[in-house]
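Protein chains in written order, with this note's numbering: chain A, 2 to 256; chain B, 196 to 534.
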Amino acid sequence: MNLSPSLTRLQHEATRAWAIAEKDIRIYYAKPPVLMWGIMLPFFMFLSWSVGRNKPTGALIPGLVAITVFFTASSIGPVIIPWEKRVRTFERLLAAPVSLTAVLLGKTLAGLIFGIAVALIPLIVGWIALGAQVTDMLTLGLTLLLAAGAFSSLGVLFSTMPGRDVGSVMMPATLIRWPLLFISGLFIPLGDLGEWGLVVSFISPLTFANDALNGAMGGTAYYTPILNLTMLAAFWGLFVWAGLRLHEWGRRTES
Amino acid sequence: MTELNDAIQVSGLTKIYGARTPTAARAVDHISFAVHVGETFGFLGPNGAGKTTTIGMLTTLSEPTEGTITVMGHDARRDSYAVKEQLGIVPEVSNCYDELSAWDNLIFTARLYGVPRGEREARAAELLKAFGLYEKRHLPTLGFSKGMKRRVTIVMALIHRPRILLLDEPTSGLDVQSVLLIREMMHQLHDAGTTIFLTTHNIEEANQSCQRVAIIHRGKIAAIDSPERLKQSFQSVQAVEVGFNENDRVSCDDLARLPGVTQVREQGDKVRLFTESPGELIPLLVDWARAHKHTFASLNTLGPTLEEVFVKITGLEIATREPEEDLRGGRGKGTGRGK
């Protein structure tokens, strides 16, 4: 089939971005920083949040899924990119016939898949064994996809911070993720946040992921599914745009 | 359609790090040169001369402050995608993925460069066999020696059959087997019509492999020509090399006083007398030896070597490390420097 040059280029970019994502999945998912920041941290955070709460375990599952996808998907970028810059494999990607957009898309895909894969574990266990309900499968699926995409792009955005060591990027990234977690309505329900609290909660994409998951899993959502999903998509777009601009700027100043 | 004569054309290329800051450093200063299609072109220079910076701009990783680069007719600034498709790049530091096997490194690179699915495995197998890596193709490269990793990096650069191969210090610090294999590969690629751009500290390597060399010094091209013509244009560094019999004690100071001798250097058990006219020096040397009752074990005239031309041009001995990153404010790679 003959495609126009721009479509052919687009196809090349997409297949090469996927090759980068597959390579990252093979190499980095088992790296200790990914396991520590992406899996252990949300697990222990959930434990500290849920212990002593007067709620059925099944009702806590949407919050656990939200925390998991948030921390897991946003952990890949700040680990992979500084690592690759340090060992100079990032240069290899930039020297190949592939755009920076496609390189970052590959990194985002690796985070997105990791976020969804890990979040499915508490979701399935909660659904089968702990009495969690799924009342709106479409919203649940779309929320997981958009939230993982937005959080993974946030991770890629974090990776533009100066430094080639994972720690020097991951520490400030975690410092930014904590406030996003606290203002998201996960600890204090959105309805109890008050007017200013609600305004501030709009800064955090986790607000909309958590609310949409609540609504899709038998709880009461504060916003409509359409608003939640639109906001997640908007955050995704914003993070991709900002990440790309900052990486381009970083390349110009570093070289 | 006109035939393309130059694989790479560089015109007025300049790179200033931190151009708008008080600490601006001019790493490359208005250099111009062309690399002909099918040529092996050597790029020589002492530490900090601008070699790696130039390679960075040729590979589109670094943006020139001024000037243009054209690769196989494509402008590097406007059409970097097409430029990158033409290039195979072997950086100074091997950068294969340590966690992946040699095989997986090659297949990934083939995908990244758009090698058709049906050809990837055959090309990977062919290259790994040619470079003596096939038996260990499924082992992670983490456990490979420096020479083996270098070979993996080179086959990764060749998997998409580039028209131009950029080699940045390809044999630096390698074992003899790897060096010989890489030099043989360069000759085969040259015979097959691949254009090779080689930066090296090993002047003998440039002398043997390159049709032309450019000597870059303090960011400027100091000389550019074939190794033979460069040597011819530096006849002042011709020498007479003389070996005396075992029992003769010869003073270098006495030899330095002979008419026409510009420099005397001991070279193992021989003495090298530099002169512009060896033909006039030899009879004088014979007379001097007879007068002092010395007898010769050997007597040879030597033309200038490329290394001597290099030293003459730059005033520096060539060293083995490249600290250009210091200019960029990056981490230093070593402390070696010209003497």
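We put the beta carbon where it would ideally sit given N, CA and C, even for glycine. These numbers were taken from a predicted model, which means no experiment stands behind them.
Name the DSSP beta bridge partners of residue i, please?
i, result
"Tyr224 of chain A", "None, per the DSSP bridge assignment."
"Ala418 of chain B", "B:Ile410"
"Thr144 of chain B", "Absent from the model: residue 144 of chain B. The displayed extent of chain B is 196 to 534, so no value can be given."
"Gly237 of chain B", "B:Leu393 and B:Val408"
"Gly283 of chain B", "B:Leu360"
"Thr209 of chain B", "B:Glu261"
"Gly438 of chain B", "B:Lys465 and B:Ser493"
"Phe228 of chain B", "B:Val205"
"His269 of chain B", "B:Val266"
"Gln458 of chain B", "B:Phe469"
"Val223 of chain B", "B:Lys210"
"Pro34 of chain A", "In the DSSP output, where bridge partners are listed per residue, Pro34 of chain A has none listed."
"Pro335 of chain B", "B:Ser296"
"Gln433 of chain B", "B:Thr470"
Between residue i and residue j, how many whole angstroms is the CB-CB distance? I'm expecting something under 8 Å.
i, j, result
"Leu208 of chain B", "Ile264 of chain B", "7 Å"
"Ala492 of chain B", "Gly438 of chain B", "4 Å"
"Leu233 of chain A", "Ala118 of chain A", "Actually they do not touch by this definition, with Cβ atoms about 18 Å apart."
"Thr470 of chain B", "Gln433 of chain B", "6 Å"
"Gly64 of chain A", "Asn211 of chain A", "7 Å"
"Arg378 of chain B", "Ser404 of chain B", "7 Å"
"Trp298 of chain B", "Arg346 of chain B", "Not a contact, Cβ separation roughly 13 Å."
"Ala202 of chain B", "Arg356 of chain B", "About 15 Å; that fails the 8 Å criterion."
"Glu289 of chain B", "Thr348 of chain B", "The amino acid occupying residue 289 of chain B in the given sequence is Ser; Glu does not appear at that position. Right, the Cβ-Cβ distance comes to about 4 Å (below 8 Å), so this counts as a contact."
"Leu113 of chain A", "His248 of chain A", "Not confirmed; about 18 Å, so no contact."
"Ala96 of chain A", "Ala22 of chain A", "About 19 Å; that fails the 8 Å criterion."
"Ile250 of chain B", "Leu361 of chain B", "6 Å"
"Phe91 of chain A", "Ile82 of chain A", "7 Å"
"Glu436 of chain B", "Arg467 of chain B", "5 Å"
"His305 of chain B", "Ala319 of chain B", "The sequence given here has Ala at residue 305 of chain B, not His. Sure, about 7 Å apart at Cβ, within 8 Å."
"Thr58 of chain A", "Leu131 of chain A", "5 Å"
"Tyr195 of chain B", "Leu323 of chain B", "Residue 195 of chain B falls outside the range modelled here, since chain B spans only 196 to 534, and no answer is possible."
"Gly414 of chain B", "Gln372 of chain B", "Incorrect: roughly 36 Å between the Cβ atoms, too far for contact."
"Trp250 of chain A", "Val167 of chain A", "Actually they are not in contact, since the Cβ atoms of Trp250 of chain A and Val167 of chain A sit about 21 Å apart, beyond 8 Å."
"Pro286 of chain B", "Arg89 of chain A", "7 Å"
Of the residues the options, which one's Cα is nearest the Cα of residue i?
i, options, result
"Leu425 of chain B", "B:Thr500, B:Ala297 and B:Thr255", "B:Thr500"
"Phe240 of chain A", "A:Ser153, A:Asn211, A:Ala103 and A:Ile177", "A:Ser153"
"Glu399 of chain B", "B:Val435, B:Arg318, B:Val504 and B:Leu376", "B:Val504"
"Gly219 of chain A", "A:Phe72, A:Ala74 and A:Ala133", "A:Ala133"
"Leu146 of chain A", "A:Phe71, A:Ile62 and A:Ala243", "A:Phe71"
"Thr390 of chain B", "B:His231, B:Ser373, B:Tyr292 and B:Leu295", "B:His231"
"Thr136 of chain A", "A:Met162, A:Asn215, A:Thr16 and A:Leu61", "A:Asn215"
"Ala172 of chain A", "A:Thr58, A:Leu42, A:Ala222 and A:His13", "Here residue 172 of chain A turns out to be Met, not Ala, going by the sequence shown. The shortest Cα separation from Met172 of chain A among A:Thr58, A:Leu42, A:Ala222 and A:His13 belongs to A:Leu42."
"Arg315 of chain B", "B:Leu476, B:Glu287, B:Phe326 and B:Ile354", "B:Ile354"
"Pro365 of chain B", "B:Ala417, B:Glu294, B:Ile284 and B:His385", "B:Ile284"
"Thr16 of chain A", "A:Ser7, A:Leu176 and A:Val99", "A:Val99"
"Ala219 of chain B", "B:His225, B:Ser227 and B:Lys210", "B:Lys210"
"Ala244 of chain B", "B:His396, B:Gly342 and B:Thr255", "B:His396"
"Ala31 of chain A", "A:Leu199, A:Val80 and A:Thr58", "A:Val80"
"Leu207 of chain A", "A:Ile177, A:Arg252, A:Leu48 and A:Glu196", "A:Ile177"
"Trp179 of chain A", "A:Ala120, A:Val88, A:Ile204 and A:Leu106", "A:Ile204"
"Ala484 of chain B", "B:Val445, B:Asp464 and B:Arg467", "B:Val445"
"Pro34 of chain A", "A:Ser75, A:Thr140, A:Ile68 and A:Glu196", "A:Ser75"
"Asp293 of chain B", "A:Gly107, A:Arg87, A:His13 and A:Lys108", "A:Arg87"
"Val157 of chain A", "A:Gly251, A:Leu245, A:Lys56 and A:Glu14", "A:Leu245"
"Asp363 of chain B", "B:Gly233, B:Glu234, B:Leu239 and B:Gly213", "B:Leu239"
"Ile227 of chain A", "A:Thr140, A:Phe236 and A:Ala120", "A:Thr140"
"Pro259 of chain B", "B:Thr336, B:Leu369 and B:Gly213", "B:Gly213"
"Ala213 of chain A", "A:Ser185, A:Gly198, A:Val200 and A:Trp197", "A:Ser185"
"Pro311 of chain B", "A:His13, A:Ala120, A:Ala243 and A:Ile122", "A:His13"
"Ala271 of chain B", "B:Gln383, B:Thr255 and B:Gly262", "B:Thr255"
"Tyr224 of chain A", "A:Ser202, A:Trp237 and A:Ile68", "A:Ser202"
"Lys376 of chain B", "B:Ala325, B:Tyr308 and B:Gly309", "The sequence shown places Leu at residue 376 of chain B, rather than the Lys named in the question. Measuring from the Cα of Leu376 of chain B, the nearest candidate turns out to be B:Ala325."
"Leu453 of chain B", "B:Ser428, B:Glu441, B:Asp482 and B:Gln427", "B:Asp482"
Report task. For the region 36-98 of chain A, list the alpha helix (DSSP H) runs that are entirely contained and at least 4 residues long, ordered along the chain. Result -> 42-51, 58-87 and 90-96
Requested in this report: Counting only runs of 4+ residues fully inside the region 291-321 of chain B, write out the alpha helix (DSSP H) ranges in chain order.
Outcome: 297-307
Query - Contact residues within the region 94-124 of chain A, judged by C-beta distance below 9 Å to chain B - result: Leu94, Leu95, Ala96, Ala97, Pro98, Val99 and Ser100
Query - Interfacial residues, the region 330-351 of chain B to chain A, with Cβ spacing under 7 Å - result: Under the 7 Å Cβ criterion, the region 330-351 of chain B contributes no residue.
Query raised in the report: In chain order, what residues of the region 81-93 of chain A put their CB closer than 8 Å to some CB of chain B?
Result: Val88, Arg89, Thr90, Glu92 and Arg93
Requested in this report: Please list the residues of the region 5-17 of chain A that have a C-beta atom closer than 7 Å to any C-beta atom in chain B, keeping them in chain order.
Outcome: His13 and Arg17
Query raised in the report: Can you list the alpha helix (DSSP H) stretches of 4 or more residues lying completely in the region 131-206 of chain A, in chain order?
Result: Taking only runs of at least 4 residues, the alpha helix (DSSP H) segments lying wholly in the region 131-206 of chain A are 138-159, 167-183 and 195-202.
Query - Residues from the region 299-316 of chain B in contact with chain A, defined by Cβ distance under 7 Å - result: Shown in chain order are the members of the region 299-316 of chain B whose Cβ falls below 7 Å from a Cβ of chain A: Phe303, Arg306, Leu307, Tyr308 and Gly309.
Requested in this report: Below 7 Å between beta carbons is the criterion; list the residues of the region 44-63 of chain A that meet it against any residue of chain B, in chain order.
Outcome: none
Query raised in the report: Going along the region 256-269 of chain B in order, which residues come within less than 9 Å of chain A, judged by CB to CB distance?
Result: Leu256, Ser257 and Glu258
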